[in-house]
Every structure is written in structure tokens, then in C-alpha cells.
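Student: Chains as they are written, first to last, in the working numbering: chain A, 5 to 286; chain B, -5 to 256.
For every residue, glycine included, the Cβ atom is placed at its ideal position computed from N, Cα and C.
On a predicted model such as this, the values are computed, not experimentally measured, just so you know.
Written out as C-alpha cells, the structure is:
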């Protein structure tokens, strides 16, 4: 359906291009440019120097924070994928379609509750004198230190990503051709073998995409590592906030942002290539 | 196999419980009289609600939030509609790039968008205003609008538009009398959904808002201070608004599906 360009067609195209260039592409390009700016006498000077890059990439704390952020985000993505799988499997194959629809509707709700308030809520649950330890105390256990530990951070990440991963996995598995599973069953496969030889390969794309989204969300989140992990050690998003808000060192924050973007693009590209790669024929 | 099913059902309940526990606890303890929430609970109170409703800061930020979410929902839905329609009707060179610039924002961490917007807005002299939050939120929410409306457009009978042209309607009239009415439920649904997303967003708002903070930024500032059960009360209040928006949005789609099915 190829038509000549006219006013009508352009009316629906130009506003988007203008708006997104001005307010999406513009800021992103500017943040890359800003990583080469310098701050002199508390003023940002627009230039092209590698000062901020040198400052940041030669610091050990930047790299340890980098490794920690990737590790925690990967851990959260893996954990969420594993934890969600049995539940998604149940929702996709072993319950009524109505139950599945209802569950998905229910799981959408958390996206529209404030993540910040949920995190604060976890804070009061996990604190030394909080709800969880209060409950443990009633049966004579604890108190356990959960706040300001990586466990706290992971709980926060999971709150953010578990609903999404669960929904994506459920939809993925519900869309697998039922005849494949029936065929495997008829050939005498146990449920575990059906999962391994049919469901995992057939749903690969969906599973990888779900894990990728989980990784991206955790990687960029500052709330969980700050409030529940006690920013100990700080993750890259916390580094951005600290350098922007307290230090007024925008170019250095931009360096961290560009590092994050490069990392995410590499990981997303690899994951998507892997997800869509055709299986080698045996 | 029933044993396995039972186990899985309990497991699913645990997972859903984990997801909803913070929401539930927040709701519960917004009525708890002790300053620090713990078990066993102390008495019932509405003092936290009274505190927030008496706080002028709360109303100012709530007003900002309403303005921001209403305006950004309208703009984002317009942008989303234009993109969805272009994608539905036209194919042209560079279309995937065109779609990418509107669909990409959700894949970029909010903290990066926040920094980029902050720097860009102060560069072009737009920083610290309510309008800057609105603009930022349109970029963040337009992809959702696009997705909802595109889904609706894919249900349209392709000959419908052509039939309208044959009957003598020009493109504009066809748009006004065929396409837009057909997309109306999706447009409404998109308005509510994008408003809900905008209403909860705090990272970008926090960076670009300056002194014109929104409700989530207000919460962020309280949380940074101390443990304050006000947050539970505000959270419950915000939750009630968001959920109303989302349920309305879902109901609009659902209602429409029921009607077209019958």
C-alpha cells in the first residue's frame, strides 16, 4: 500500500517526528554530548574533552558499582524467571482460561500502584522491629537483619519485575501450539520432559524477552538498592543521583548514563539475537 | 496429578501474595495508630489521613499531579493515535525508525531519561516547570497509547475506509466519521491508562520538577526523611485514584468487546 505523500499523511507523521526529536532523541543525544563537557567554577562548559570520562573510568568505586549493579540485576532477572515459571506453567496449562484471564488482570494492578509506596511498605515489613520480625517474634524467632543488605535490594527488584515476568511467561506458554504438547504426551513424555523438550524451546523467545525486561528494569532502578539495600554498595543509578543532585557534576553523571546505555544495548542486542535465533536442525 | 495441582495452586498463591503484600500492608497500616508499623498492630486511627489532608503541600502536589497526568494523557494519546494510524495505513522507507523513536522510551532506564531531560530542559530554558513534567511524561506514556490504539485499528475492516471514500467522503471526513468513532473506546482507554502511568511516575518528575513537585515526588521527599505513616495514607489515596483510572480503562475495552461479540 504505497501512496503519494500528501498533507493528510504528513499531518499524522510530522507532529510525532518533531515532538520525539525535540523531547526524546534530543535529550538522549545531549546526554552523550554532555559526558564530554567539563565543569569549571561551578559552571558547565560545552566543549569536547575526555576529563569526565577519565575521572570516572579510572575510579575503582565506579567499576565495583558497575559489577555489583550488573550482578544484582542479572540475579534478580534469573530469580524472577525461575520463581515465576511454576506459577506461569500452572496458569498456562492447568487451570481454566477464565482463571488465567482473571490472574493476568490481577497481576496488572501492581503496575498502577506506586512502586515507591510499595518499597516504603517493604521497608516497614523488613525492618528490625518491622512487621516480619514482629511476626517472627511471636513464634520466638529473629530478629533478622534484612534491610540494608543485598536481600533487601533483591526483594525490591522482585516487587518491580515479578508481575511482569509472570504475565509474559504465562502468555508465552499459553500461546504454544497445544498439539505439540499433546504429541509429546502421546509419545510418553513425562511433564518434566515436556517442559524440557517442548515448552522451553518453543517459548524461548518469550522467556528471554521476559528476563531481558526484568534485567533492564532492575538495572535502572534506584529505589530498591537505595531504600532497601541501604545503597551499600551504591548501584549505577544511585551514582547518577549522587553526582547530579549533590555534586552538581552533570558531565560525570552523563558518563555513568552512557556506560549504562552501552551496557544495556549490548546485553539487549545479544539477548534478542539469541531469542530469535532459529534452532539448529538436528 | 491433583496433588501437583494443589501444590502449584499454593505456590501461585504465595507468589501473588508476595506481589500484593506491600500493597496490603500499606493499606492496613495507613489506619494503624503507632508511628512505627509492627505486629501486633495498635489501635485504629484516621490521623494519618487527617494529617495529609490538612497539609497544603499535599494539595499543591496533588493539584500538580492531576494537571500533569491530564495534560500528558491528552498529548500522549494524540501522539499515540497519529503513530498507530500511520503504522496501520502507510508503509514507507524509514518506517521502522519512525516507530522506534516513539516505542523506544520504555526500554531506556528512567534514571537515564531523567538525567537527559533535566540537562536538556535546562539547556533550552524549560527547566523546573510543570510543563517540563508534562512533556517528559508524554514521551514516557505515548508508547502505551500507541499500543492500545494500534490494537484497535488492527480490528478494523480494511474495506471500511475505502467504502467511505467511494461514498464521496474525503480522507479528513473519513477520519472524522469512520476511523475516530471506531477507535473511540481505545482512545478513551488510552487516556485513562496513560494518565495512570503519569500519575505514578516519580523518577523523571523528581529530576525535572524543580519546586513544582508532583504527589509521588512529595512521597519521595517524605520517605527520604523518616519513617512516616503518612506515606501509607498517601499511597492508599494514590492507589485508589490509579486503580479507578485503570479499571475504567479496562472496563471500556471489555465493555466494547462484549458489545461487538454479541
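By DSSP's criteria, residue 173 of chain A is part of a beta bridge. Which residues make up the other side?
Tutor: None; residue 173 of chain A has no bridge partner.
Student: Consider the Cβ of residue 117 of chain B: report whether some Cβ of chain A lies at a distance smaller than 8 Å.
Tutor: Yes, residue 117 of chain B counts as interfacial toward chain A.
Student: So residue 229 of chain B contacts chain A; which residues on that side make the cut at Cβ distance below 9 Å?
Tutor: Under the 9 Å cutoff, chain A gives 117, 118, 120, 121, 122, 124, 125.
Student: Considering only residues of the same chain and omitting the five flanking positions on each side of residue 140 of chain A, which have a CB-CB separation below 6 Å?
Tutor: Cβ within range, chain order: 146.
Student: Let's see if you can read the secondary structure: which residues bound the beta strand (DSSP E) around residue 202 of chain A?
Tutor: Where residue 202 of chain A is concerned, there is no enclosing beta strand (DSSP E), given that its DSSP letter is neither H nor E.
Student: Counting only runs that start and end within the region 223 to 249 of chain A, where is the alpha helix (DSSP H) found for 4 or more residues in a row?
Tutor: You should have 240 to 245.
Student: Can you pull out the residues from the region 81 to 94 of chain A whose beta carbon lies closer than 8 Å to at least one beta carbon of chain B?
Tutor: Within the region 81 to 94 of chain A, the residues whose Cβ lies closer than 8 Å to some Cβ of chain B are 87, 88, 90, 91, 93, 94, listed in chain order.
Student: Can you check which of these residues, B:244, B:247, B:239, B:246, is closest to residue 60 of chain B by C-alpha distance?
Tutor: Checked all of B:244, B:247, B:239, B:246; the closest Cα to residue 60 of chain B is B:239.
Student: Please state the DSSP three-state secondary structure of residue 43 of chain A.
Tutor: In the structure shown, residue 43 of chain A sits in a strand (DSSP, three-state: E or B).
Student: Between the beta-carbon of residue 203 of chain B and the beta-carbon of residue 135 of chain B, is there less than 8 Å?
Tutor: For residue 203 of chain B and residue 135 of chain B, no; Cβs fall outside 8 Å.
Student: Provide the residue span of the alpha helix (DSSP H) that contains residue 58 of chain B, from first to last.
Tutor: Looking at the DSSP string, the run of the alpha helix (DSSP H) that includes residue 58 of chain B is 50 to 83.
Student: Are the Cβ atoms of residue 105 of chain B and residue 238 of chain A separated by less than 8 Å?
Tutor: Result no, Cβ atoms of residue 105 of chain B and residue 238 of chain A do not sit closer than 8 Å.
Student: Rounding to the nearest angstrom, what Cα-Cα distance links residue 214 of chain A and residue 144 of chain B in this structure?
Tutor: Distance between the alpha carbons of residue 214 of chain A and residue 144 of chain B: 22 Å.
Student: Report all residues from its chain with a CB closer than 7 Å to the CB of residue 278 of chain A; omit the five preceding and five following residues, and keep chain order.
Tutor: Once the five neighbours on either side are set aside, the close Cβ partners of residue 278 of chain A are 212.
Student: Give a yes or no on whether 8 Å exceeds the smallest Cβ distance from residue 224 of chain A to chain B.
Tutor: For residue 224 of chain A, the answer is yes, since a Cβ of chain B falls inside 8 Å of its Cβ.
Student: Please report whether the beta-carbon of residue 96 of chain A lies at a distance below 8 Å from any beta-carbon of chain B.
Tutor: Judged by the 8 Å Cβ criterion, residue 96 of chain A is not in contact with chain B.
Student: Do residue 123 of chain A and residue 236 of chain B have their C-beta atoms closer together than 8 Å?
Tutor: Taking 8 Å as the Cβ cut-off, residue 123 of chain A and residue 236 of chain B do not qualify as a contacting pair.
Student: Following the continuous alpha helix (DSSP H) through residue 30 of chain A, name the residue where it begins and the one where it ends.
Tutor: From DSSP, the alpha helix (DSSP H) with residue 30 of chain A extends over 30 to 38.
Student: For residue 243 of chain B, which residues of its own chain have a beta-carbon under 6 Å away from its beta-carbon, when the five flanking residues on both sides are left out?
Tutor: Contacts found: 183, 186, 187.
Student: According to DSSP, is residue 137 of chain A helix, strand or coil?
Tutor: Helix.
Student: Residues of chain A with CB closer than 8 Å to the CB of residue 80 of chain B, please, in chain order.
Tutor: The answer, in chain order, is 13, 16, 17, 20.
Student: Spell out whether any CB of chain A is found under 8 Å from the CB atom of residue 215 of chain B.
Tutor: By this cut-off, residue 215 of chain B is not an interface position.
Student: So which residues of chain A does residue 165 of chain B contact, with C-beta pairs closer than 7 Å?
Tutor: Neighbours of residue 165 of chain B on chain A, chain order: 12.
Student: Chain B beta carbons: is any one of them nearer than 8 Å to that of residue 135 of chain A?
Tutor: Closer than 8 Å to some Cβ of chain B, the Cβ of residue 135 of chain A qualifies, so yes.
Student: Just to confirm before moving on: does the CB-CB distance between residue 24 of chain B and residue 208 of chain B stay below 8 Å?
Tutor: No, these two residues do not count as a Cβ contact at 8 Å.
Student: How big is the Cα-Cα spacing for residue 227 of chain A and residue 76 of chain A?
Tutor: Rounded to the nearest angstrom, the two C-alpha atoms are 14 Å apart.
Student: DSSP three-state call for residue 285 of chain A: helix, strand or coil?
Tutor: Residue confidence is low: residue 285 of chain A scores 46 on pLDDT, short of 50, so the model does not pin down where it sits. No coordinate-derived value is stated.
Student: Does the Cβ of residue 217 of chain B have 16 or more other Cβ atoms within 10 Å, making it buried, or fewer, making it exposed?
Tutor: So residue 217 of chain B ends up on the buried side.
Student: Assuming residue 35 of chain A and residue 272 of chain A make a contact with CB atoms under 8 Å, what is their CB distance in whole Å?
Tutor: Not quite, the Cβ-Cβ distance comes to about 18 Å (not below 8 Å), so this is no contact.
Student: Nearest-angstrom Cα distance between residue 230 of chain A and residue 99 of chain B?
Tutor: C-alpha separation (whole angstroms): 24 Å.
Student: What is the rounded straight-line gap between the Cα of residue 38 of chain A and the Cα of residue 254 of chain A?
Tutor: Going from the Cα of residue 38 of chain A to the Cα of residue 254 of chain A covers about 8 Å.
Student: Interface residues of chain B around residue 231 of chain A at Cβ under 8 Å?
Tutor: Within chain B, the residues near residue 231 of chain A are 217.
Student: Going along chain B, which residues have a C-beta under 9 Å from residue 106 of chain A?
Tutor: Within 9 Å Cβ-Cβ: nothing; residue 106 of chain A doesn't reach chain B, min ~11 Å.
Student: Please decide whether residue 286 of chain A counts as near chain B, where near means a Cβ-Cβ distance under 8 Å.
Tutor: Here residue 286 of chain A scores only 45 on pLDDT, less than 50, and its place in the model is too uncertain to base an answer on.
Student: Of all the CB atoms in chain B, is at least one closer than 8 Å to the CB of residue 30 of chain A?
Tutor: Judged by the 8 Å Cβ criterion, residue 30 of chain A is in contact with chain B.
Student: Do you know offhand how far residue 86 of chain A's Cα is from residue 54 of chain A's?
Tutor: The alpha-carbon atoms of residue 86 of chain A and residue 54 of chain A are separated by roughly 42 Å.
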